[in-house]
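S.K.:
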Amino acid sequence: MAFPQFRRLPTEIRREIWRQCLPNRVVELDEPVGQLTALFPDDADYCCFSNHTAHINRQPPLISRVCVESRTVALEHVDLSPPATRTTLDFAFGTSMGPADWVDKRRDVLHLNYNDCYSAWYREGEGVFDLLVSEAEAKAQGASLTWAFYDNVTDVDEYLDTLRNRRLLVSLGVVTIHAPLQPALESGLFGLLGDARVVLVDANDTERLKQYQSFCEKHGLPPDTDPHPASFFNKYCQQGSRARVQDRTEDMRFSWLVNSWFLNKDRIDDPEGAWSGTPETIPERPEEQWWWQRWVPNREHPWMKDMLEAMPRIQPRIMVRLCTQRCPIEYPSARRARK
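Have a look at this one:
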């Protein structure tokens, strides 16, 4: 729809309109590989190689190509200086990993799909968590990683201090919706111009997740062709899902707390007194219960007081991907192979 009066608007209003068109994007540092981003066997049922969605989100936003004024606005918080990071290729999984060129400091989040199923190193041996933290601090408004990789990170001693008071978006799961672009544009769920093909949704926001569920049911492939989205949304949109998300979030925070205690145990005055209860002292605590249910902190202990205030600020998210290709139809053998 044409809007010929646009050019007559004051410059400040035009520039603000351009800003409203900019997407809030998830910029991935590594190409997602289905077998790795699907963290459970039932999640691996979907057939989507996802690489093209990752590449779309790494490109300049659409409004940057409209005119000089729109590009100037799009570049306001983008640093296009050449990155110093050395990138590598992990040939075993065919994924190139490294920083993106176009990242908006105020709007974009850097995300790693990585977990410890494969190895990739940067800067002559620096690890992937170092890359995520340093690039996010320099270029983006935040960092995001999978919960599986977060568990890996809390097991590494040198990262425990890095996690103190750090805000992290943690993806609890991934769902790919195979649907045409036009209804996605009309829905506004993937950016005003459809150039936010990967989004992170608050895992506690059931109503927002239901909007994606409804979009998938109306425009996505039928469940007999692509069964994963239906089962995924049923899991995260049903009654009681918020309590499970809160349990998972608290568990991730406590894993950092417990591992920090083990690391510093010899330097803590009265280390045993930091806990009111541990798995060895609390009766009838089955192993499958959460960390936070099995370790009870003594909130009056000086060391524990300090650590409780310094716990990582975990924000649980669900990653929703829009794929405009018909992967489960075009590659049915790949989907069957995963069953």
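First residue of the sequence shown: 2, per our numbering; consecutive thereafter. Beta carbons: idealized from backbone N, C-alpha and C, even for Gly.
(1) Give the straight-line distance between the Cα atoms of H220 and R209, rounded to the nearest whole angstrom.
(2) Let me make sure I understand the geometry here. Which of P280, W262, R318, S277 has the alpha-carbon closest to that of H112?
(3) May I have the straight-line CA-CA distance separating C238 from I178, to the nearest angstrom?
(4) Would you identify the three-state DSSP class for G128, choosing helix, strand or coil?
(5) Leaving out five residues before and five after N52 in sequence, what residues of the same chain have Cβ atoms less than 6 Å from its Cβ?
(6) Less than 8 Å between C-beta atoms, sequence neighbours within five positions excluded: which residues of the same chain meet that for R327?
(7) Drop a sphere of 10 angstroms on the beta-carbon of F150, count the other beta-carbons inside from all chains shown, and report buried for 16 or more, exposed for fewer.
(8) For V175, which beta-bridge partners are listed by DSSP?
(9) Distance, Cα to Cα, Q240 vs S65?
(10) Is it buried or exposed, I14, if we count other Cβ atoms within 10 angstroms and call 16 or more buried?
(11) CA-CA distance, T421 and D196?
(12) With DSSP collapsed to three states, give me the class of W276.
(13) A141 by DSSP, collapsed to three states: which one?
(14) Decide if the stretch 298 to 305 is in contact with the stretch 266 to 277; the criterion is three or more beta carbon pairs, one per stretch, under 8 Å apart.
(15) Since Q142 contacts D102 with CB under 8 Å, what's their CB separation in whole angstroms?
(16) Just grab the DSSP bridge partners of L158 for me.
(17) Following the continuous beta strand (DSSP E) through E29, name the residue where it begins and the one where it ends.
(18) Note the first and the last residue of the continuous alpha helix (DSSP H) segment covering H53.
(19) Which same chain residues, not among the five before or five after T250, have their C-beta less than 7 Å away from its C-beta?
(20) Let me know the beta strand (DSSP E) ranges lying completely inside the stretch 2 to 27, each 3 residues or longer, listed in chain order.
(21) Tell me which residues share the same chain as R165 and place their Cβ nearer than 6 Å to its Cβ, disregarding the 5 neighbours each side in the sequence.
(22) Does A75 pass the burial test, meaning 16 or more other C-beta atoms within 10 Å, or should it be called exposed?
(23) For D102, which residues does DSSP report across the bridge?
(24) Just to confirm before moving on: does the CB-CB distance between L132 and L30 stay below 9 Å?
M.R.: On the basis of the supplied data:
(1) On the sequence shown, residue 220 is found 219 positions in, with the first residue counted as 1. On the sequence shown, residue 209 is found 208 positions in, with the first residue counted as 1. Going by the C-alpha atoms only, they are around 17 Å apart.
(2) Walking along the sequence shown from the start, residue 112 turns up at place 111. For H112, the nearest C-alpha among the options comes from R318.
(3) The residue given as residue 238 occupies position 237 in the sequence shown. The residue given as residue 178 occupies position 177 in the sequence shown. Each residue's Cα considered, the two are about 16 Å apart.
(4) Here residue 128 refers to the residue found at position 127 of the sequence shown. Residue state, collapsed to three classes: coil.
(5) As a working mapping, residue 52 is identified with position 51 in the sequence shown. Cβ neighbours of N52 beyond the five flanking positions: E32.
(6) Your numbering for residue 327 matches position 326 in the sequence shown. Taken in chain order, the residues that qualify are H179, L222.
(7) Here the question's residue 150 lines up with position 149 in the sequence shown. The residue in question, F150, is buried, as its Cβ has 16 or more Cβ neighbours within 10 Å.
(8) As a first step, residue 175 is located in the sequence shown; it is residue number 174 there, counting from the start. Bridge partners of V175: M320.
(9) Along the sequence shown, read from residue 1 onward, the residue named residue 240 stands at position 239. Along the sequence shown, read from residue 1 onward, the residue named residue 65 stands at position 64. Taking the straight line joining both Cα atoms gives about 42 Å.
(10) By one-based count along the sequence shown, residue 14 stands at place 13. I14 comes out exposed.
(11) Since the first residue of the chain shown is 2 and the last is 340, residue 421 is not available in this structure.
(12) As a first step, residue 276 is located in the sequence shown; it is residue number 275 there, counting from the start. Residue state, collapsed to three classes: strand.
(13) Sequence index remark: in the sequence shown, residue 141 carries index 140 (1-based). In the structure shown, A141 sits in coil (DSSP, three-state: anything other than H, G, I, E or B).
(14) Segments in contact, yes.
(15) Here residue 142 refers to the residue found at position 141 when the sequence shown is read from its first residue. Here residue 102 refers to the residue found at position 101 when the sequence shown is read from its first residue. Actually they do not touch by this definition, with Cβ atoms about 17 Å apart.
(16) Here residue 158 corresponds to residue number 157 of the sequence shown, with the count starting at 1. Residue 158 is actually Asp in this sequence, not Leu. Note: D158 sits in no beta bridge, so no partner.
(17) Sequence index remark: in the sequence shown, residue 29 carries index 28 (1-based). That run of the beta strand (DSSP E) goes 27 to 29.
(18) Numbered from 1 along the sequence shown, position 52 holds the residue referred to as residue 53. Start and end: 52 to 59.
(19) The sequence position of residue 250 within the sequence shown is 249, counting from 1. Here the set comprises I315, P317.
(20) Correct list: empty.
(21) Start at 1 with the first residue of the sequence shown, and residue 165 comes out as number 164. Excluding residues within five positions, the ones whose Cβ falls inside 6 Å are A311.
(22) Working through the sequence shown from its first residue, we reach residue 75 at position 74. It is buried - the Cβ of A75 has at least 16 other Cβ atoms within 10 Å.
(23) As a first step, residue 102 is located in the sequence shown; it is residue number 101 there, counting from the start. Looking at the DSSP assignment, D102 forms no beta bridge with any residue, so it has no partner.
(24) As a working note, residue 132 is residue 131 in the sequence shown. As a working note, residue 30 is residue 29 in the sequence shown. Yes.
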